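Chains as they are written, first to last, in this note's numbering: chain Y, 19 to 366; chain X, 4 to 803.
The structure under discussion appears below in the form of structure tokens.
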């Protein structure tokens with residue numbers, strides 16, 4: 019049989035076999051058999067050297083043509099099989115995609131942690147630095163240095179939990195801080211102005227527990243001291259906070275109030291979200307919900323930490339944190355925050 | 004402070020709508036609400052007269068009361084103890100809406116049969132009408148109350164209820180509120196001149212006053228009125244007292260209360276005849292000296308408490324409450340009327356020390372100006388003469404050791420604007436302060452003033468105090484809102500803050516729910532989480548704990564967290580993952596405690612939750628170890644683990660977490676005794692990390708590691724080692740070789756196919772070079788060296 023004949027025969031069998039192939043694995047072995055290193059076609063091409071010039075030309079051309087044909091056939095058939103497989107897989111019966119997925123346990127941060135971080139971020143963007151301070155405090159920092167000496171009526175509004183352990187042989191009473199304000203003193207003692215800080219943290223009160231009172235809760239304190247800080251700056255800073263936290267459309271009220279360590283003193287309230295100012299049970303029919311106390315740092319407080327009140331001025335504010343998620347999510351019992359019930363905590 | 008509108012209008016014209024007035028007062032510092040007394044709420048309540056009182060046929064304690072309403076005479080059943088024939092009373096027809104005396108709820112009055120007698124209507128108590136909490140008897144109206152008229156027409160009034168801040172005792176008076184209203188509405192206050200005849204003997208000859216402790220009593224004034232007749236106050240006075248929340252008693256006591264409400268100066272009337280030797284001594288109490296106060300309670304005083312005494316005994320607790328031994332009674336004919344000034348801190352101490360607060364102490368502890376004593380005394384004397392007759396002694400006792408000349412305060416317009424961020428003119432400032440009764444003199448510098456504080460204000464001593472006055476009258480609404488304009492201060496946030504944030508986020512990502520629990524706990528709970536005693540360190544104790552379960556400051560987070568787990572297990576059948584990041588409080592000698600930021604987490608196995616595709620998630624020691632490993636990896640920290648001896652964890656199933664040689668925490672299975680104490684039946688694994696200990700290791704700035712560009716050669720080996728050999732020991736040797744990359748333990752086997760006392764450990768080791776492609780031969784050479792060392796040091800052999 020001549021080489022040309024062999025090639026013809028090879029072509030017939032190879033293509034016939036190709037037609038029969040139904041899967042990609044067999045297609046791969048077909049390729050090895052007919053186009054591989056050890057295939058007859060490769061053998062013929064290798065044997066060209068021993069042929070006469072004329073034969074070489076004819077057989078070489080035919081063999082290369084066959085190679086192209088087979089390669090083309092392979093590519094086409096491979097594409098056809100792939101298409102067929104995709105088609106088959108999409109035609110197959112689907113799954114019940116409504117079955118529940120495999121759940122990844124997802125933890126969440128405590129709502130107070132979340133809100134604190136949110137508040138921190140707003141003040142950080144206004145140039146305030148977050149600092150923290152001790153929860154067990156000395157009478158001096160919690161009261162005396164803040165113009166609340168012993169027997170001052172303001173002490174009655176902050177019923178204190180006292181620690182059974184004094185320093186200086188009991189001369190300095192130790193207590194659980196009733197507000198975050200002692201950090202105003204601690205920071206000003208160490209850091210000269212200009213300064214802008216916020217102090218989030220736990221505070222404690224001697225208070226019977228009910229839906230609106232708990233013995234431990236969170237506050238965040240703010241303090242800015244520099245040359246030329248004004249009451250207008252305080253108002254602007256707090257309004258900007260309220261706008262970003264509660265939204266553009268919530269009205270804000272800034273009124274006179276009294277705290278011994280600021281003068282002038284102020285209180286900020288936001289419009290009640292439930293009644294929008296017309297008065298309801300949540301806001302005690304006033305239409306406003308008080309969220310923070312504030313004011314210009316009292317000159318005696320500045321003098322106590324050796325800051326000259328004629329040169330420097332500052333503002334301070336303090337706000338309860340739980341109040342805010344309570345208002346935002348409509349939580350009506352403050353005890354839920356520290357009851358550790360997963361059914362509550364997972365909602366935030 | 005409650006101030007009725009009719010009373011306020013005696014001093015100031017009010018033409019503003021009341022809501023607007025309340026808003027102005029609120030904005031200026033005293034939160035005000037408007038309370039309607041009567042009005043619509045008293046629909047169906049009319050004035051009646053008790054025409055007959057008969058016994059109830061079926062009940063000893065009930066009476067049948069016939070009430071004359073002018074046109075009709077209904078009979079009702081009543082059990083009040085103070086029924087008196089002829090008294091004017093408030094009668095409610097059926098259908099009226101009243102407050103139930105017992106439940107406090109509003110309810111519509113219905114006809115009732117009481118012990119067989121039908122009762123249509125009711126004679127009302129003050130509580131039922133919503134006037135006060137008094138429900139001991141019916142409310143008796145003044146004799147001039149018009150029969151048959153609606154009660155609202157006679158008694159109805161509008162009351163301003165003010166929440167007064169502690170710095171403003173002047174607002175605890177009607178005149179004070181009137182002054183505030185006047186300043187805020189551009190009106191002026193007029194207080195009528197006080198004058199009365201002084202027909203009696205010289206007061207100084209009738210009584211002597213000595214102040215033994217002038218530091219606690221800067222001024223003591225007194226007047227004497229003799230020949231008075233005790234009786235009921237007139238209706239107008241009773242009604243004003245009632246509207247302001249006080250109960251009428253008799254004309255003398257009522258006048259002292261009335262003038263206190265009017266001027267803000269507490270007064271006290273002594274029965275002059277009960278004062279021994281006609282001598283008043285203001286002195287400190289003796290230690291343990293005892294006095295029965297007006298409320299009938301025996302009070303034991305101490306040397307820090309100021310009292311009013313006569314020549315032999317105490318007759319009043321100064322500024323707090325009178326004594327029963329000198330009380331005004333029905334037989335009293337002469338009154339020594341006291342109007343004094345006391346040291347606020349001393350009154351606060353006494354009142355709180357005795358647990359006895361009164362309208363007087365509440366005002367004195369907020370600092371009542373000594374200048375107020377005299378005008379108030381004169382007003383009260385005048386009113387007593389008017390209402391109780393008698394004659395006043397000549398003159399007034401006025402002992403005033405604490406007299407100080409009032410000093411003007413300098414006020415600069417520039418400073419005012421600098422603090423407020425406003426642009427007020429000197430004229431605006433002057434007008435504002437004048438409206439509040441301040442007297443201003445221009446100082447040498449233009450725009451500066453010398454300001455005299457009016458005598459009724461005790462809260463103004465500094466320039467900023469005046470600046471606040473200006474701001475509150477101009478209105479805080481007028482203050483602009485500006486942003487801080489100075490340059491931003493330098494910031495050095497504490498590294499612990501960043502670490503806490505990363506740890507929280509990491510753990511939430513691993514499926515842990517954050518909880519926050521009280522820092523206050525019980526000793527019992529702290530002891531419950533350990534099996535070794537005594538508790539170390541001893542926790543800090545509170546001197547005045549609210550409850551036994553909040554008596555100590557926690558030294559560990561475990562107790563609260565396990566309690567939280569135990570509570571949640573009842574309703575959670577899936578695995579539970581909880582963590583808390585918070586402080587523990589470790590006592591130190593002569594210093595504030597060390598407040599250490601701790602992290603504690605719990606991992607409790609599923610309680611049999613079923614799911615169609617539940618992945619067989621294993622919760623065991625290695626699950627909790629994995630959490631800590633992942634957390635440390637999240638923080639780019641490598642940890643190692645050594646055996647530990649934590650008494651709260653199961654022996655042998657726990658490890659200390661070591662980072663760079665420092666112990667930073669512990670992991671392990673909860674000790675069965677601890678689990679039992681919390682009634683937890685599921686296996687629980689715990690991790691506890693001190694963030695303070697971890698912090699120094701979390702600071703490293705790790706340089707960039709180039710990505711390996713040359714392929715790795717991978718070899719699997721199965722070692723047979725003594726069962727006591729640890730993975731950590733094997734890893735230590737493998738990792739000590741250069742070119743060793745990732746090493747994975749992929750199988751641990753003990754059983755029939757290895758000799759007893761041995762185990763098989765299979766590792767996949769990849770070898771990789773940074774600068775060339777390793778050949779098989781190079782890798783095999785290192786592997787051989789590794790195996791030789793494992794054999795030499797750990798007795799490891801290759802598994803056949």
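Beta carbons: idealized from backbone N, C-alpha and C, even for Gly.
What you are looking at is a predicted structure, and each value in this text was computed from that prediction instead of being measured.
- The C-beta of residue 272/Y comes closer than 8 Å to at least one C-beta of chain X.
- Around residue 253/Y, the beta-carbon contacts reaching into chain X at under 7 Å are 482, 484.
- With a threshold of 8 Å between beta carbons, residue 467/X makes contact with chain Y.
- CA-CA distance, residue 487/X to residue 319/X, rounds to 55 Å.
- Ranking 287/Y, 317/Y, 236/Y by CA distance to the CA of residue 264/Y puts 287/Y first.
- Nearest neighbour of residue 631/X by Cα position, chosen from 599/X, 649/X, 611/X, 667/X, turns out to be 667/X.
- Within chain X, the residues placing a beta-carbon under 7 Å from that of residue 124/Y are 514, ordered along the chain.
- For residue 642/X and residue 238/Y, the gap between their C-alpha atoms comes out near 35 Å.
- A Cβ-Cβ distance of about 24 Å is found for the pair residue 33/X and residue 250/X, leaving them out of contact under the 8 Å criterion.
- For residue 475/X, the nearest CB of chain Y lies under 8 Å from its own CB, placing it at the interface with that chain.
- Identification of chain X residues near residue 242/Y by a Cβ-Cβ cut-off of 8 Å yields 487, ordered along the chain.
- Within chain Y, no residue has its beta carbon less than 7 Å from that of residue 59/X; the closest one is some 42 Å off.
- Between residue 671/X and residue 647/X a beta carbon distance of about 7 Å is seen, short of the 8 Å cut, so the two are scored as contacting.
- Under the Cβ criterion of 8 Å, residue 601/X is not counted among the residues facing chain Y.
- Taken through DSSP and simplified to helix, strand or coil, residue 32/Y comes out as helix.
- Comparing alpha carbon positions, the residue from 355/X, 555/X, 228/X closest to residue 392/X is 228/X.
- Among the bridge pairs identified by DSSP, residue 413/X is matched with 453/X.
- Look at the beta carbons and you see the region 523 to 543 of chain X touching the region 675 to 695 of chain X: at least three pairs across the two are nearer than 8 Å.
- Comparing alpha carbon positions, the residue from 403/X, 158/X, 504/X closest to residue 39/X is 158/X.
- Linking residue 351/X to residue 566/X through their CA atoms gives a straight-line distance of about 42 Å.
- An exposed status is given to residue 625/X, since fewer than 16 other beta-carbon atoms sit within 10 Å of its beta-carbon.
- Put simply, of 326/X, 274/X, 81/X, 163/X the residue whose alpha carbon is nearest the alpha carbon of residue 124/X is 81/X.
- Within the region 195 to 224 of chain X, the runs of beta strand (DSSP E) at least 3 residues long that lie entirely inside it are, in chain order, 211 to 214.
- Shortest Cα-Cα distance from residue 333/X to any of 252/X, 550/X, 621/X involves 252/X.
- Within chain X, the residues whose beta carbon sits less than 9 Å from that of residue 314/Y are 422, 423, 467, 470, 471, listed in sequence order.
- Going by C-alpha positions, residue 51/X is about 56 Å away from residue 221/Y.
- Annotation for residue 263/Y: the continuous alpha helix (DSSP H) segment containing it runs 249 to 264.
- Less than 8 Å separates the beta-carbon of residue 250/Y from that of residue 425/X.
- The C-beta separation of residue 275/Y from residue 332/Y comes to about 18 Å, leaving the pair out of contact by the 8 Å criterion.
- Between residue 458/X and residue 380/X, the gap from beta carbon to beta carbon reaches 8 Å or more.
- By the rule that beta-carbons nearer than 8 Å mark a contact, residue 100/Y does not touch chain X.
- Using a C-beta cut-off of 8 Å, the region 328 to 342 of chain X makes contact with the region 226 to 244 of chain X, since at least three inter-stretch Cβ pairs fall below that distance.
- When the beta-carbon positions are compared, residue 182/Y and residue 386/X stay at least 8 Å from each other.
- The shortest CA-to-CA distance from residue 728/X to any of 701/X, 692/X, 658/X, 796/X is the one to 796/X.
- Setting aside the 5 residues that flank it on each side, residue 306/Y is surrounded in the same chain by 271, 287, 288, 289, 290, 295, each with a C-beta closer than 8 Å to its C-beta; the list follows chain order.
- The three-state secondary structure of residue 282/Y, taken from DSSP, is strand.
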